[in-house]
Amino acid sequence: MSGHSKWSTIKHKKGAQDAKRGQLFTKLSREIMVAARSGDPNPDMNFRLRLAVDNAKSQNMPKENIERAIEKGSGNPNSSDQLYEIIYEGYGPGGVGLLINVLTDNKNRSAAAVRSCITRIGGNLASNGSVSWNFENKGMISIVTDQEETEILALKIMDIGADDIEINENLIDITVNYQEFSSVKNTVEKIPDLKIEKAEIIQVPNSSIELNDTESNKMLKLLSDLEELDDVTKVFSNADFTEESIKKFTESI
C-alpha cells in the first residue's frame with residue numbers, strides 16, 4: 001500500500017474525531033468558495049466545484065452552508081472573503097518530501113504555523129520546485145463498501161480505467177489519470193449500492209522514501225499536526241511507512 005493510501009486509511013478511521021474538532025465545515029466551505037471563484041458557480045459546469053460540493057455532502061454539511069459558500073465564492077473577488085491558495089514545500093523525518101496545500105486569508109499566519117510544525121520535528125521548509133518535481137496530479141476516489149464485496153467491486157472498477165486500486169478492509173482507494181478523473185468518477189457513481197466517501201485531486205510521488213519505525217512515527221505525527229492547522233487543506237508526502245508504525249498510530253487515535 002502506498003504512503004498516501006496508508007494515510008488516507010488512517011484519516012478515514014479518525015474522521016469522527018476530525019468532525020468533532022469543528023474545523024471540518026470551515027475547511028469544506030473554503031474549498032467550495034475557491035472552487036466557485038475559479039470557474040462557473042454551477043457544479044455541473046465546474047468539476048472542481050462539483051468535487052468540493054460532493055465531499056461536503058458526504059460529510060453531512062448542511063445544504064444552506066454549501067449554498068452560502070458558493071454564493072460567497074462567486075461574488076466580488078475583492079471582497080473581505082478573499083482566500084489565497086498556497087502550496088508549501090518542505091522536508092520531514094528521513095528526508096521525506098512534503099507538499100502542504102493551504103487556503104488562507106492571512107499568508108503570514110499560515111507560513112508561521114506550517115514552519116513551526118515542521119521545524120518542531122527537525123524538518124524544514126524548502127524553495128518552490130525542490131519537492132514538487134517528484135509529484136504528479138492524479139485523481140483519487142475513496143469508496144466504502146461491504147467487506148464481502150470489496151474484491152469483486154475492485155475488479156469491476158479496474159475495468160473502468162483505474163491506474164491503481166488499493167484495498168484496506170472495507171475501504172477501496174482508486175487512483176486514476178488526472179485527465180480521466182471526471183469520466184471515471186461519473187462511471188463509478190452509476191454502480192448500484194456504492195458510497196463514494198471522497199473524491200479528490202491528489203499529488204502522487206514518482207519515488208518514495210522507506211522510513212524506519214522511529215521516522216515513521218514522527219512523520220505520521222507531523223502529517224496529523226499539519227492537517228489539524230486551520231488553514232491546511234491537504235498534505236502529501238513521499239513517505240513509505242512501516243506497518244508497525246501504522247498499526248500503533250491507528251490504535252492511538
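Take 1 as the starting number for the sequence shown in the numbering used here and just add one per residue.
Every residue, glycine too, gets a C-beta built ideally from N, C-alpha and C.
All values derive from a computational prediction rather than experimental measurement.
Selected residue, minimal CA-CA separation from residue i, among the options
| i | options | result |
| --- | --- | --- |
| PHE25 | ASN42, ASN46 and ASN60 | ASN60 |
| GLU197 | PHE181, LEU171, ILE209 and LYS218 | LEU171 |
| VAL102 | ILE246, ASP230 and SER237 | ASP230 |
| LEU125 | LEU98, GLU151, ASN108 and ASN137 | LEU98 |
| GLU149 | ASP193, SER183, ARG115 and THR214 | ASP193 |
| GLY94 | PHE241, PHE249, THR250 and LYS247 | PHE241 |
| ILE202 | SER245, GLY73, PHE181 and ASP40 | PHE181 |
| ARG37 | ARG48, GLN179 and ASP44 | ARG48 |
| ILE174 | ARG68, SER142, GLY123 and ASP54 | SER142 |
| ALA206 | LYS138, ASP54 and ASP40 | Going by the sequence as given, residue 206 is Asn instead of Ala. Among LYS138, ASP54 and ASP40, the Cα nearest to that of ASN206 belongs to LYS138. |
| SER216 | ASP225, SER245 and GLU67 | SER245 |
| ARG68 | ASP44, ILE32 and ASP54 | ILE32 |
| GLU136 | GLY123, TYR178 and ILE160 | TYR178 |
| ILE160 | ASN186, GLU169, ASN65 and GLN23 | ASN186 |
| VAL232 | THR104, GLY123, VAL34 and ASP164 | THR104 |
Proximity of residue i and residue j at Cβ, strictly below 7 Å
| i | j | result |
| --- | --- | --- |
| VAL235 | LEU223 | yes |
| GLU200 | MET140 | yes |
| ILE121 | LYS218 | yes |
| VAL131 | SER237 | no |
| ARG50 | LEU83 | no |
| VAL184 | VAL176 | yes |
| ASN46 | ASP40 | yes |
| LYS195 | VAL144 | yes |
| ILE100 | LEU220 | no |
Enclosing alpha helix (DSSP H) for residue i [first to last residue]
| i | result |
| --- | --- |
| LYS221 | 213 to 227 |
| PHE249 | 243 to 252 |
| ASN206 | No alpha helix (DSSP H) contains ASN206, which DSSP labels as neither H nor E. |
| GLU31 | 24 to 38 |
N- and C-terminal bounds of the beta strand (DSSP E) containing residue i
| i | result |
| --- | --- |
| THR119 | Where THR119 is concerned, there is no enclosing beta strand (DSSP E), although the alpha helix (DSSP H) it sits in stretches over 107 to 120. |
| ASN55 | ASN55 -> not in any beta strand (DSSP E); alpha helix (DSSP H) instead, spanning 47 to 58. |
| THR268 | Missing from the structure shown is residue 268; the chain here goes from 1 to 253 and no further. |
| GLU136 | 135 to 144 |
| ASN124 | 124 to 126 |
Three CB pairs or more closer than 8 Å across the region 210 to 225 and the region 150 to 159 = Too few Cβ pairs lie closer than 8 Å, so no.
message = My parser needs the beta strand (DSSP E) runs of 3 or more residues fully inside the region 62 to 104; what are they?
response = You should have 84 to 91 and 97 to 104.
inquiry  = For the pair the region 120 to 136 and the region 80 to 90, tell me if three or more CB-CB distances fall below 8 Å.
reply    = Yes, the region 120 to 136 touches the region 80 to 90.
query = Counting only runs that start and end within the region 160 to 195, where is the alpha helix (DSSP H) found for 4 or more residues in a row?
reply = Within the region 160 to 195, the complete alpha helix (DSSP H) runs of at least 4 residues are 181 to 189.
request  = Count the C-beta pairs between the region 105 to 121 and the region 61 to 75 that are closer than 8 Å, then say yes if the count reaches three, no if not.
outcome  = With the cut-off at 8 Å, the region 105 to 121 and the region 61 to 75 do not touch.
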